[in-house]
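*Asks:* Residue numbers (the working numbering): 407 to 465.
Virtual Cβ for every residue (Gly too), placed ideally from N, Cα, C.
Here it is, the structure in full.
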Amino acid sequence: MICRFEELGEYLKERQQAWTNGLIQSFSNLPGFERESTEYQAALELNQIGNLTAIDNID
Numbered sequence: 407m408i409c410r411f412e413e414l415g416e417y418l419k420e421r422q423q424a425w426t427n428g429l430i431q432s433f434s435n436l437p438g439f440e441r442e443s444t445e446y447q448a449a450l451e452l453n454q455i456g457n458l459t460a461i462d463n464i465d
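Here is the structure:
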């Protein structure tokens, strides 16, 4: 059972990273986008919220 949770954890990390990269790429196409921008920080915060939600829903 522990092995399955480890596999799930790795899968969630990979999906979260792909989602974040996609979101950042979308923002990168906007005029005036900068990594220090509010939009970039929002993407990182949304990513973190998504991680916590996914972990909470494992039960």
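#1: Please name the residue in 414, 418, 412 whose C-alpha comes closest to that of residue 454.
#2: Suppose contacts are defined by Cβ-Cβ distances below 7 Å. Is residue 449 in contact with residue 429 by that definition?
#3: Compute the Euclidean distance between the alpha carbons of residue 416 and residue 427, then round it to the nearest angstrom.
#4: From residue 465 to residue 444, what distance separates their C-alpha atoms?
*Replies:* In short, the structure shows the following:
#1: Among 414, 418, 412, the Cα nearest to that of residue 454 belongs to 418.
#2: Residue 449 places its beta carbon less than 7 Å from that of residue 429.
#3: Rounded to the nearest angstrom, the gap between the Cα atoms of residue 416 and residue 427 is 17 Å.
#4: Legend: pLDDT at residue 465 = 49, less than 50; position of this residue unreliable, value from coordinates given subsequently. Using only the alpha carbons, I get a separation of about 33 Å.
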